[in-house]
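Shown next, in structure tokens, is the structure this report addresses.
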Amino acid sequence: MHFSPVVKAQAECNNGVIASTSPITYPSIGNYPPNAFCNWRMEVAAGLRVKTTFSSVSIEPSTTPYNDFLLVFDGPTCTSAILAKITGSASPVVTSSDNNTSLMFISNGATQLTGFTASFASSKL
Numbered sequence: 033m034h035f036s037p038v039v040k041a042q043a044e045c046n047n048g049v050i051a052s053t054s055p056i057t058y059p060s061i062g063n064y065p066p067n068a069f070c071n072w073r074m075e076v077a078a079g080l081r082v083k084t085t086f087s088s089v090s091i092e093p094s095t096t097p098y099n100d101f102l103l104v105f106d107g108p109t110c111t112s113a114i115l116a117k118i119t120g121s122a123s124p125v126v127t128s129s130d131n132n133t134s135l136m137f138i139s140n141g142a143t144q145l146t147g148f149t150a151s152f153a154s155s156k157l
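And the structure:
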């Protein structure tokens with residue numbers, strides 16, 4: 033499995049390459065910053081799917097389209113189909129249809145919370 037941030041719009045998003053056994057925790061300490069924009073991409077071997085398990089989710093609840101959110105995409109880019117939109121304290125398990133998935137986190141300037149932890153595993157098609 034390969035993991036790397038694909039957009040480094042905020043220094044807090046620049047976590048470098050993380051080994052397949054390591055979850056991502058964003059942010060690593062404290063609350064996420066206002067106006068954050070972060071993207072990550074996960075890839076497993078061809079013929080497998082990416083299973084993403086979210087835990088410790090604390091993102092501003094989405095009462096409007098402008099609140100903080102985390103999107104999970106079914107593919108290698110943020111133009112792929114959306115599998116899930118995560119807000120509040122929801123902790124879903126999301127599985128891609130192929131060997132790639134992408135995450136995009138966006139926050140506004142209103143409320144900053146502790147963010148999320150996501151772990152990844154490969155799953156058979």
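62 is the number that my numbering gives to position 30 of the sequence shown; each next residue is one higher, with no gaps. Idealized CB from N, CA, C, for every residue including glycine.
- Within the same chain, and ignoring the five residues on either side of GLY107 in sequence, the residues whose Cβ sits closer than 6 angstroms to its Cβ are ASN132.
- With respect to the 9 angstroms criterion, SER151 and THR84 are classified as neighbours on the basis of their beta carbons.
- TYR64 and SER121 have their alpha carbons spaced roughly 15 angstroms apart.
- Under the three-state reduction of DSSP output, CYS110 falls in the coil class, being neither helix nor strand.
- Remark: C-beta atoms of LEU145 and SER94 do not approach each other more closely than 9 angstroms.
- Under DSSP, VAL89 forms no beta bridge with any residue.
- Ranked by Cα distance from LEU157, the options SER87, LEU135, SER129 and PHE148 are led by SER129.
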